[in-house]
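Okay, so the sequence shown: first residue is 1 according to full-length UniProt numbering, each after it adds one. Here the structure is laid out as structure tokens; the discussion comes afterwards.
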Amino acid sequence: MLDRLAEHAGLEFVGAILKPGVWARDQVVSSWNNYLDLVGVREENEALRQQVRTLSQQVQVASEERTELARLRALLELEPPEGWRPLGARVVANRLGPQAALESAIISRGYYSGAGPGTPVVTHDGVVGRVYRAGPYTATVLLLTDPGSRIAVLSAVNRTAGILVGTGPRGLLEMKYVPQNARIEVGELVLTSGLEGAFPKAVPVARVESVSQSDLSLFQTVYASPLVELEALEEVLLLERPPVQPGARSLPLPTVNATQGVGPGTGHGPGQGNSTSGHGGAHMQPVQSVPSAQQGTRAPRPQPSAQPSGQQSGQAPRQ
1 MLDRLAEHAG LEFVGAILKP GVWARDQVVS SWNNYLDLVG VREENEALRQ
51 QVRTLSQQVQ VASEERTELA RLRALLELEP PEGWRPLGAR VVANRLGPQA
101 ALESAIISRG YYSGAGPGTP VVTHDGVVGR VYRAGPYTAT VLLLTDPGSR
151 IAVLSAVNRT AGILVGTGPR GLLEMKYVPQ NARIEVGELV LTSGLEGAFP
201 KAVPVARVES VSQSDLSLFQ TVYASPLVEL EALEEVLLLE RPPVQPGARS
251 LPLPTVNATQ GVGPGTGHGP GQGNSTSGHG GAHMQPVQSV PSAQQGTRAP
301 RPQPSAQPSG QQSGQAPRQ
């Protein structure tokens with residue numbers, strides 16, 4: 001009994017001595033495990049942050065592609081007028097003037113791709129301008145706001161004609177040569193007339209902003225705003241006239257019989273051969289039969305003879 005009590009007391013004494021060491025060991029192990037967990041969480045957080053960045057970039061790219069797809073779909077839905085061929089191009093640069101005003105645009109098509117000077121440039125919203133200088137692979141577009149731009153137009157409702165002139169970057173367009181008695185209303189759409197041949201007919205250009213009259217002028221003062229946001233151009237459409245195709249082959253020339261007369265009033269009836277003119281003209285050789293067009297030859301023209309009038313071919317002159 002005493003031995004068992006002494007053993008129990010010894011264990012309690014030893015346990016009391018070792019207990020702080022066990023606690024310290026547990027604290028060290030726990031701290032180490034917490035450190036490892038913290039490192040793992042940190043690495044996981046960094047991986048999650050990288051994944052968030054990647055997904056954000058993908059979302060941004062997808063949004064940009066969706067916007068671009070909408071623009072391109074709108075361009076593709078634009079049906080070119082009859083006799084014109086569409087040609088897509090991207091705006092690769094903008095040329096800015098004073099106060100960063102847009103003066104001209106450079107597109108990714110040159111004369112190797114069909115973008116020659118004068119080629120109309122449009123979007124699904126309306127007219128942008130026209131090509132005024134083309135290189136091999138790029139071309140410069142003269143915007144319709146440029147003071148050198150001239151476009152023949154007419155109003156969509158009242159069919160009033162005029163010339164739309166640019167007034168400079170960030171400015172309105174002036175519709176000139178509108179008579180005082182012509183009807184045109186604010187808010188009316190302005191379309192290309194197609195009269196000058198540079199633009200197809202009925203392409204939207206601008207919308208009338210103001211109309212005023214003056215007793216000192218024969219014409220009204222009309223200003224319009226462009227339909228296209230020229231500063232936000234990214235893709236455009238060129239309208240190219242296809243080259244003129246050669247026409248159908250002409251019909252073969254008719255065959256002329258040398259025994260037939262040359263027509264009424266000449267004194268020669270059918271069945272007569274070559275004869276002399278009754279008025280002292282040059283002697284005419286008989287017209288040979290014209291070969292058919294399939295032989296690839298043309299009919300010879302009648303050749304005047306150097307013989308005096310009244311002589312038959314092969315006869316000696318009378319003494």
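Glycine included, every Cβ here is placed at the ideal spot set by N, Cα and C. Every value quoted in this text rests on a predicted model; they were computed, and no experiment measured them.
Per DSSP, reduced to three states, the secondary structure at Q220 is strand. Under DSSP, S210 shares a beta bridge with Y223. Within the model, the alpha-carbon separation for S155 versus G168 is close to 22 Å.
Only residues of its own chain outside the window of five on either side were considered, and among them none has a CB closer than 7 Å to the CB of R49. Beta bridge pairing from DSSP links P20 with no other residue. For I151, the enclosing beta strand (DSSP E) stretches over residues R150 to S155. With respect to the 8 Å criterion, V186 and V211 are classified as neighbours on the basis of their beta carbons. Taking 8 Å as the cut-off, the beta carbon of E174 is found closer than this to the beta carbon of Y223. Put simply, the backbone Cα of L102 is about 15 Å away from that of S225. The three-state secondary structure of Y177, taken from DSSP, is strand.
Shortest Cα-Cα distance from V236 to any of W23, T140 and G83 involves T140. Only residues of its own chain outside the window of five on either side were considered, and among them S212 have a CB closer than 6 Å to the CB of T221, listed in chain order. Collapsing the DSSP output to three states places Y112 in a helix.
Shortest Cα-Cα distance from L218 to any of K201, D37, R241 and A182 involves A182. The DSSP-derived three-state label of A93 is strand. Assigned with DSSP and collapsed to three states, T119 falls in coil, not helix or strand. The shortest C-alpha to C-alpha distance from Y137 to any of L172, I107, W32 and I184 is the one to I107.
Straight across, the Cα-Cα distance linking P117 with D125 is about 22 Å.
A152 has its alpha-carbon roughly 11 Å from the corresponding atom of Y177. Counting along the chain, no beta strand (DSSP E) covers Y137, and no H or E run does either. In this structure, the CA atom of L142 is about 31 Å from the CA atom of S214.
Under the 10 Å beta carbon count, R109 is surrounded by 16 or more other beta carbons and is classified as buried. Taking the Cα of A89 as reference, the smallest distance to any Cα among E82, L76, G166 and T192 is reached at L76.
With 16 or more neighbouring CB atoms inside 10 Å of its own CB, L144 falls in the buried class. When DSSP states are grouped into helix, strand and coil, T145 belongs to the coil group. A direct Cα-Cα distance of roughly 28 Å separates W23 from R42.
Counted as a single uninterrupted DSSP element, the beta strand (DSSP E) harbouring I107 occupies residues L102 to I107.
From the listed residues E46, A161, V29 and L72, the smallest Cα separation to L195 is found for A161. Judged by DSSP in its simplified three-state form, R130 adopts strand. By DSSP's assignment, T192 forms a beta bridge with V153. Here A74 is not bridged, per DSSP, to any residue. V39 counts as exposed, since fewer than 16 other beta carbons sit within 10 angstroms of its beta carbon.
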